[in-house]
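One line per chain: the protein sequences are A and B, in this order. Under full-length UniProt numbering, the residues of the first sequence are numbered 1 to 276, in order. Under full-length UniProt numbering, the residues of the second sequence are numbered 1 to 105, in order. We put the beta carbon where it would ideally sit given N, CA and C, even for glycine. Here the structure is laid out as structure tokens; the discussion comes afterwards.
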Amino acid sequence: MYKYRPTFTQRERVIDNQQIMDNMDKTLQREINLARNIQMQLLNGKTPEFEGGEVIGSSLPARLIGGDYYDFYPLVNGKIRIVVGDVMGKGIPAAMLMILTRDAFRRVAEITDSPAETLTSMNQALYEDLRTLKSFVTLICADYDPKTGIFTYASAGHHLPLYINGRDKTIKELPKVSGIMLGGLPDQVYKEMSIQLDEQDIIFFYTDGIVEAQNKDGEQYKLERLVQTLLENHKKSVSEIERSVMDSIYQFTQGVPQKDDITMVLLKVSKQKNGY
Amino acid sequence: MSLTVNKKVKGKTLILKVKGVLDISTVHVIASYLKEIDHIETLIFDLSDLELIDSTGIGTILNAIYLSQEKHFKLKLQGMDELTDNVFETVGLYQILEAMQGEVN
Chain A
1 MYKYRPTFTQ
11 RERVIDNQQI
21 MDNMDKTLQR
31 EINLARNIQM
41 QLLNGKTPEF
51 EGGEVIGSSL
61 PARLIGGDYY
71 DFYPLVNGKI
81 RIVVGDVMGK
91 GIPAAMLMIL
101 TRDAFRRVAE
111 ITDSPAETLT
121 SMNQALYEDL
131 RTLKSFVTLI
141 CADYDPKTGI
151 FTYASAGHHL
161 PLYINGRDKT
171 IKELPKVSGI
181 MLGGLPDQVY
191 KEMSIQLDEQ
201 DIIFFYTDGI
211 VEAQNKDGEQ
221 YKLERLVQTL
231 LENHKKSVSE
241 IERSVMDSIY
251 QFTQGVPQKD
261 DITMVLLKVS
271 KQKNGY
Chain B
1 MSLTVNKKVK
11 GKTLILKVKG
21 VLDISTVHVI
31 ASYLKEIDHI
41 ETLIFDLSDL
51 ELIDSTGIGT
61 ILNAIYLSQE
71 KHFKLKLQGM
81 DELTDNVFET
91 VGLYQILEAM
101 QGEVN
């Protein structure tokens with residue numbers, strides 16, 4: 001029977017190839033870690049501070065890097081522009097598109113007058129690239145005006161944030177405003193809605209990684225558990241509420257590996273500001 | 001995660017009955033069927049046995065919509081459960097289909 005016996009030279013070549021592969025793995029791992037650091041630093045930029053409320057955002061990728069995105073942009077007129085989004089896919093490809101999305105948001109945030117205009121401009125800027133890459137992004141964009149308490153929002157295919165009424169302790173989705181994903185169709189003009197926020201009101205933005213987090217039996221965390229957690233913790237500060245939601249998800253999933261990126265942004269009107 | 005596709009051809013209509021999970025690990029299965037498409041009038045995605053769809057799965061449906069323009073066939077989506085229907089509505093998939101084909105399925 002023929003048996004393959006590598007010669008000494010062949011054996012050396014096999015070892016050399018293995019070393020090359022090991023080095024490539026290490027290089028790739030190092031570069032992924034660097035990419036992760038870049039993404040985490042961009043995501044965890046400065047959180048704006050303003051009189052009359054507080055915001056916080058957090059994002060936990062399912063893999064080393066992810067495609068969820070949130071950002072704050074303090075406008076010259078004193079409003080805070082908030083964006084939360086989810087790029088199609090996972091891992092490195094999604095992370096690259098997330099950076100593209102962030103760049104588009106940062107470029108148009110100051111030169112557009114409203115969340116709807118921001119989404120309209122972002123779709124114009126990103127449409128061709130997203131179609132070429134056969135991808136899309138869902139986003140919710142909102143302005144909070146601390147002087148008036150008016151909250152204005154628009155959606156590009158993203159589910160609406162939850163609104164926790166601080167007075168009657170109820171939670172519901174914000175009134176519907178529709179708009180399609182970025183990269184779906186060119187020349188889209190997005191619509192927006194506004195509501196008046198009062199003291200202790202909370203707006204909770206999130207991506208589907210939260211409600212779709214699974215436990216070992218394959219059950220999902222679901223909106224009901226999220227609502228319950230928010231009701232139990234709504235009196236706390238935004239950072240404590242954010243921690244409570246994460247703890248609740250961890251408790252539910254009991255160590256089952258995370259399948260999707262988890263992102264949330266909280267806005268809480270903490271005290272009445274003069275004039276509204 | 002697994003996905004099986006049952007392919008049926010009725011005249012110039014291709015029916016792809018999708019069963020299982022349509023996510024990042026399985027979209028290549030659908031992509032291979034889309035690649036083969038030629039000279040059909042209608043493509044029907046039967047999603048009545050779909051258990052779960054993620055953003056990559058939605059991206060595949062979106063690409064099929066664009067392919068329908070390129071290869072001149074009608075695309076129909078059927079059998080979605082309430083959850084999938086809501087997701088398609090939220091992301092704007094029906095609106096895109098309507099804009100591209102001039103009618104809602």
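is_contact[residue i, chain A] using C-beta, thresh 8 Å
i, result
"S32 of chain B", "no"
"A64 of chain B", "no"
"G20 of chain B", "no"
"T90 of chain B", "yes"
"I96 of chain B", "yes"
"G59 of chain B", "yes"
"I24 of chain B", "yes"
"S55 of chain B", "yes"
Status (buried if at least 16 other CB within 10 Å, exposed otherwise) for residue i
i, result
"H159 of chain A", "buried"
"S155 of chain A", "buried"
"V83 of chain A", "buried"
"R11 of chain A", "exposed"
"M80 of chain B", "buried"
"P257 of chain A", "exposed"
"E192 of chain A", "buried"
"Q29 of chain A", "exposed"
"I38 of chain A", "exposed"
Separation of residue j from residue i, as counted between CA atoms
i, j, result
"D145 of chain A", "F50 of chain A", "10 Å"
"S32 of chain B", "L267 of chain A", "44 Å"
"H72 of chain B", "E212 of chain A", "36 Å"
"G57 of chain B", "M181 of chain A", "14 Å"
"T4 of chain B", "T90 of chain B", "26 Å"
"T27 of chain A", "A35 of chain A", "12 Å"
"G157 of chain A", "A109 of chain A", "19 Å"
"N105 of chain B", "Y94 of chain B", "Annotation note: pLDDT 48 at N105 of chain B (below 50); position unreliable, no value reported."
"Y276 of chain A", "Y73 of chain A", "The predicted position of Y276 of chain A is uncertain, since its pLDDT is 44 and thus under 50; no value can be drawn from it."
"D208 of chain A", "D260 of chain A", "8 Å"
"Y250 of chain A", "R243 of chain A", "10 Å"
"Q69 of chain B", "M246 of chain A", "43 Å"
"I40 of chain B", "T132 of chain A", "24 Å"
"S2 of chain B", "T26 of chain B", "7 Å"
"T42 of chain B", "Q101 of chain B", "12 Å"
"I15 of chain B", "G179 of chain A", "30 Å"
"Y190 of chain A", "P115 of chain A", "9 Å"
"L97 of chain A", "T9 of chain A", "46 Å"
Any C-beta of chain B under 8 Å from that of residue i
i, result
"G66 of chain A", "no"
"K90 of chain A", "yes"
"D217 of chain A", "no"
"D22 of chain A", "no"
"D86 of chain A", "yes"
Pick from the options that is closest to residue i, judged by C-alpha positions
i, options, result
"K217 of chain A", "A:I171, A:K236 and A:F252", "It should be noted that the sequence gives Asp, not Lys, for residue 217 of chain A. Per the Cα distances, A:F252."
"I44 of chain B", "B:K74, B:D38, B:S55 and B:K19", "B:K74"
"I24 of chain B", "A:K26, A:R36, A:V87 and A:M21", "A:V87"
"L43 of chain A", "A:N165, A:G52 and A:Y69", "A:Y69"
"V76 of chain A", "A:A95, A:T101 and A:I111", "A:I111"
"T60 of chain B", "A:S135, A:E54, A:I99 and A:G57", "A:S135"
"K17 of chain B", "B:G92, B:M100 and B:L77", "B:L77"
"L86 of chain B", "B:L67, B:I53 and B:L34", "Just to set this straight, residue 86 of chain B is Asn in the shown sequence, not Leu. Cα-wise, what sits closest to N86 of chain B is B:I53."
"L22 of chain B", "B:S55, B:K8 and B:E41", "B:S55"
"residue 138 of chain B", "B:L34, B:L47 and B:L62", "Residue 138 of chain B lies beyond the stretch modelled for chain B, which goes from 1 to 105, so this question has no answer here."
"I210 of chain A", "A:K169, A:I195 and A:T229", "A:T229"
"L83 of chain B", "B:I65, B:L67, B:E51 and B:A64", "B:E51"
"A142 of chain A", "A:L174, A:E128 and A:G166", "A:L174"
"I92 of chain A", "A:R81, A:G66 and A:L100", "A:G66"
"I56 of chain A", "A:Q188, A:E232, A:Q214 and A:F204", "A:F204"
is_contact[residue i, chain D] using C-beta, thresh 8 Å
i, result
"G79 of chain B", "Looking at the structure shown, chain D is missing, and the protein chains on hand are A and B."
heavy atom of the ligand COA below 7 Å from residue i C-beta
i, result
"I202 of chain A", "The ligand COA is not part of this structure, which contains no ligands at all."
Pull out every residue of the region 130-160 of chain A whose Cβ sits closer than 9 Å to any Cβ of chain B, in chain order.
R131, K134, S135, F136, T138, S155, A156, G157, H158, H159 and L160
Of the residues that make up the region 158-187 of chain A, which ones have a beta carbon closer than 9 Å to any beta carbon in chain B?
Taking 9 Å as the upper bound on Cβ-Cβ separation, chain B lies near residues H158, H159, L160, S178, G179, I180, M181, G183, G184 and L185 of the region 158-187 of chain A.
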